[in-house]
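Written below as structure tokens is the structure these notes are about.
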Amino acid sequence: MQQLTQKLGSGDMIIQEVPYPQLGKGMVIVKNHYSIISAGTEGSTVVAARKSLIGKAKERPQQVKQVIDTLKKQGPVQTYRAVMKKLDAYSPLGYSCAGEVIEVGEGVTEFEIGDKVACAGVGYANHAEIVAVPINLCVKLNDATNLKDAAYNTLGAIAMQGVRQADLRLGESCVIIGLGLLGQLAALILKASGVTVIGIDVSEAAVQQAVENKVVDLGFTRNAAGIETQILNATNGYGADAVVIAAATDSLDPINFAGAIARKKGKVVVLGAVPTGFDRDPFWYRKELELKMACSYGPGRYDLNYEEKGIDYPLPYVRWTEKRNMEAFQNLIATKRIDIGYLTTHEFEFDNAKAAFDLVVSKTEPFTGIALKYDTSKTATKEKITTSSTDKLGKINISFIGAGSYAQGNLLPNIPETDEVGRVGVLTNTGTTSKRVAEKFKFQFCATEESDILNDKTNTVFVATRHDSHGAYVLKSLEANKNVFVEKPLCLLETELNAIVEAQAKANKAVMVGFNRRFSPLTTKLKKAIGNNPMTMIYRINAGAIPSDNWIQDLEIGGGRVLGEVCHFIDYLTYLNGSLPTKISASALPDANQLNDTLNILIQFQNGSSGVVAYYANGSKAMTKEYVEVFSAGMSATLNDFKELKIYGKGKPKKSKILNQNKGQKEMVNAFVNGLLAEGKAPIPFQEIVAVTKASFKVLESVKQGGAQVDI
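UniProt numbering numbers the first residue of the sequence shown as 1 and each following residue consecutively.
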């Protein structure tokens, strides 16, 4: 199927063939009839992409700071890979569309094949022939609905949420500052609610359009003479009950002007992208104005449980969610209480989408709404897409399931380039990522179906998806008689672990987890120096806080930080002392969200060694992240952030220091591939992987039992 993409680095915009989207649980696949270009949001993205690197840096100072921080911590190679991953990626565009359902996912009951729907969401409702959308970002339409109008779905819901924040009553007044798409949609909704609407814009054409289509009761250009007096007269001398700012500008004028024209104790709602550093006097302070922000489509936005898992908020407690806002907007269109047909000033065939964006950027003629129309007679297929001219295979033939930032920065670049290693297929959640990764790293194809990956060509599968799918993909790979490398964790459930152990025994294939730290060059020196005597170990991790709504903290998707990351450090201590963990106790610092991400873990090992994992999310980022101390048979050692090793024995300490942090990712990938080539074995014994995974589960069990010691 075809999708519009753009590279952030070069600004190149193309329509290209990408794999059919993945149909996940609680999702629907939709064939687009129309999608709408948001001239404000998408226009700024396209303009930024077409600027030079210096221009991009000026527009994104915060991201430049992140690059500098990464450079200091991880060195130039990793920083370059991270930056180029962003710049070279095929970035999808679009977030508002309408079409018909052609597939429904597991657990979906409210949609059927053939339903007309309107969709929303960045990364979901793309400018593409086919899109995959979660059910809470999709609304069912009447069969008679005009799909071009319905495609304004996202923008309508955003405007609806701004109107709700204004909380106006019948007969009250509202000034809309900015009469672009959002402003005119907000004005239409307000007018349908019996509110007197006054529209203001810097563009005379926008004001004229709003007045001629009776979207506003009064319209003024911002520089109109006596504008404040005219607004005061139109509101019976009170000023506006509310002001909705739908403009996009770096100027403080909209926020200060809103303060001047609002009545005492009135509301100002920020709907557009404007600064809010208003002048306190004379208006904001003396009038006791209320400033409110409108969060996109409404309640549920940015909530993983709502948007991705489809868990709705109970209507009696949250009357208007983002989905219910979309439904209300579509109802206004269907019942003809608002007529938005005039908003579409331009319509382009999807094949000519680049010309549509050229118009947005160049502004060679006035425009408001720009619709892209799709050829619905075309049939999209799920066939894999060839990305390499060679079908050459080696002794080890690798395919990837999942290929996000970590895989692109640490796994894919480190696969040995040798005739003994073939690169077969790539499958990810998004077709754009699959296509770009397959092209960049010279894989033969990118795929839609798992069967394309688990085929006869592939004998080794790398799994680098979200944590909740690790266990299932490892099982499927083993059942298909493949070697498998999986990013940590191995799985999130003990039942999955038991099934994997059984499948591995049956298949007798290599299973490897991405415990890279044991492969660090400084770790190799440390291991050699301390020998095999029983030892005591301390591994302190200044992990830093991750918000509770991040997917990693979600127990179903990410497994939490113990299963998602602490397993790394349990494995490290297991490797250092050379024996398996047998007993564990753990206590976590209490927190309101029960994240269990600040905790002390005491581990006992078969050979009498003991170790402490001190994993803290409550510290300062200014401190180094990882610090290891080891004590054994009259020797001591410290390893600081995988950059500096000190070994203490007789005489002066022996120091080893490297310029850039090295956590062993390159060495790990090479060890795995070379192990398969030499003996068909993974470099980490499978029993260690199983023991470390069990120990991670037992950490959580011990925390629940108040720190009690539990057997592994």
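Virtual Cβ for every residue (Gly too), placed ideally from N, Cα, C.
A quick note: this is a predicted structure, and the numbers were derived from the prediction, not measured.
Residues of the same chain with a CB within less than 6 Å of the CB of Val613, apart from the 5 flanking positions on each side, are Tyr539, Phe569, Ile601 in chain order. With fewer than three CB-CB distances shorter than 8 Å, the stretch 676-685 does not count as touching the stretch 547-567.
Sixteen is the threshold: when 16 or more other Cβ atoms of the shown chains lie within 10 Å of the Cβ of Asp597, as they do, the residue is buried. Within the same chain, Ala260, Ile261 come within 7 Å of Glu228 by CB-CB distance, once the 5 residues on both sides are set aside.
The distance from the Cβ of Gly298 to that of Asn325 is about 4 Å, consistent with a contact at the 8 Å cut-off. In this model, Phe697 and Phe462 are separated by some 23 Å (Cα to Cα). Per the coordinates, the alpha-carbon of Glu365 lies some 7 Å from the alpha-carbon of Leu359. Nearest to Val484 by C-alpha distance, out of Asn397, Gln165, Ser35, is Asn397. Between Ala334 and Asn142, the C-beta spacing is below 7 Å.
A Cβ-Cβ separation of about 14 Å leaves Ile200 out of contact with Leu182 under the 8 Å criterion. A check of alpha carbon separations from Gly99 across Lys140, Gly123, Glu487 identifies Lys140 as the nearest.
Taking one beta carbon from each stretch, the stretch 123-135 and the stretch 27-34 have 3 or more pairs nearer than 8 Å; the two touch. Bounds of the alpha helix (DSSP H) holding Asn325 are 322-334. Ranked by Cα distance from Glu701, the first of Ala586, Leu659, Asn674 is Ala586. Of all alpha-carbon atoms in Met668, Ser399, Gly402, the one lying nearest the alpha-carbon of Phe519 is that of Met668. Apart from sequence neighbours up to five positions away, the residues of its chain that approach Ala294 with a beta-carbon distance below 6 Å are Gln161, Gly162, Gln165, Val269, Leu271, ordered along the chain. Linking Leu595 to Gln705 through their CA atoms gives a straight-line distance of about 15 Å. In the structure shown, the three-state DSSP call for Glu110 is coil. When beta bridges are read from the DSSP output, His470 appears opposite no residue.
Of all C-beta pairs linking the stretch 474-494 to the stretch 505-513, three or more are shorter than 8 Å, placing the two stretches in contact.
Ile530 sits in a helix when the DSSP states are folded into three classes. Secondary structure of Glu228 (DSSP, three-state): helix. For Thr460, there is no enclosing alpha helix (DSSP H); the enclosing beta strand (DSSP E) has its first and last residue at 460-463. Non-local beta-carbon contacts of Leu218 in its own chain, meaning distances under 6 Å to residues more than five positions away in sequence, involve Ile198, Ala234 in chain order. Note: Ile603 is bridge-paired with Ile584, Gly611 in the DSSP secondary-structure output. Within the same chain, and ignoring the five residues on either side of Glu688 in sequence, the residues whose Cβ sits closer than 7 Å to its Cβ are Thr574, Leu580.
For Tyr90, the enclosing beta strand (DSSP E) begins and ends at 90-92. Only exposed fits Asp391, as fewer than 16 other CB atoms lie within 10 angstroms of its CB.
For Gly431, the uninterrupted alpha helix (DSSP H) segment begins and ends at 431-440. One alpha carbon belongs to Glu204, the other to Thr221, and they sit about 6 Å apart. Separation of Asn533 and Gln606 (C-alpha to C-alpha, rounded to the nearest whole angstrom) is 12 Å.
The distance from the Cβ of Ala403 to that of Thr432 is about 11 Å, inconsistent with a contact at the 8 Å cut-off.
Only residues of its own chain outside the window of five on either side were considered, and among them Gly471, Leu475 have a CB closer than 8 Å to the CB of Ala499, listed in chain order. The way I'd put it, the stretch 442-462 doesn't touch the stretch 490-498; fewer than three beta-carbon pairs between them come closer than 8 Å. Short of 6 Å from the beta carbon of Lys323, and not among the five residues preceding or following it, lie these beta carbons of its own chain, in chain order: Asn136. According to the DSSP assignment, Ser702 belongs to the alpha helix (DSSP H) that extends over 686-704.
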